[in-house]
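In full-length UniProt numbering, the protein residues as written are 1 to 159.
Ideal Cβ positions, reconstructed from N, Cα and C, are used throughout, including at glycine.
Working notes, beginning with the structure itself.
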């Protein structure tokens, strides 16, 4: 039997279709509990099967992180912010979030089920993502993780 180059496999062939999801009204506490019990680092946030965002350990750690306010420069009575006040505002709101929709990332990097593993691995590396929601026609159909791809190197090594 001829071995297949795993880089040409399609995401839809190896994605996890039963990955846990959260609703936008789920609490941060519920998200943390889900992550611990399911041993995952992130979950898509959905309404029905429509992807709204993603919440990850990185989003939740803001609750415990020190948020540094941007410095200000006072010149001739005018105050000039040194740094992004909008970024500071987002970090403060995220750290105070109670529900998943308040802490999730709304601008989600996704992948199509027909994408190759090579394309997907490149996207994950460039965007520094551990997991990607797999979306087809606006519907969440699964999730693919770095480990899903790495495991294939052991199970289906290149010829």
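Asked: Alpha carbon to alpha carbon, how far is residue 47 from residue 55? Give it in angstroms, no decimals.; Found: 14 angstroms
Asked: Excluding the 5 residues flanking residue 99 on each side, which residues of the same chain have their C-beta closer than 8 angstroms to its C-beta?; Found: 24, 25, 26, 27, 28
Asked: DSSP on residue 98, reduced to helix/strand/coil?; Found: coil
Asked: Looking only at its own chain, which residues have a Cβ that is under 6 angstroms from the Cβ of residue 15, when we skip the five neighbours before and after it?; Found: 134, 142, 144
Asked: Is the beta carbon of residue 53 closer than 7 angstroms to that of residue 106?; Found: yes
Asked: For residue 143, write down the residues that DSSP places opposite it in a beta bridge.; Found: 16, 133
Asked: What is the rounded straight-line gap between the Cα of residue 8 and the Cα of residue 114?; Found: 10 angstroms
Asked: Suppose the cutoff is 6 angstroms on Cβ atoms and the five residues either side in sequence are ignored; what does the same chain contact list for residue 57 look like?; Found: 41
Asked: Rounded to a whole number of angstroms, what is the C-alpha to C-alpha distance between residue 35 and residue 140?; Found: 19 angstroms
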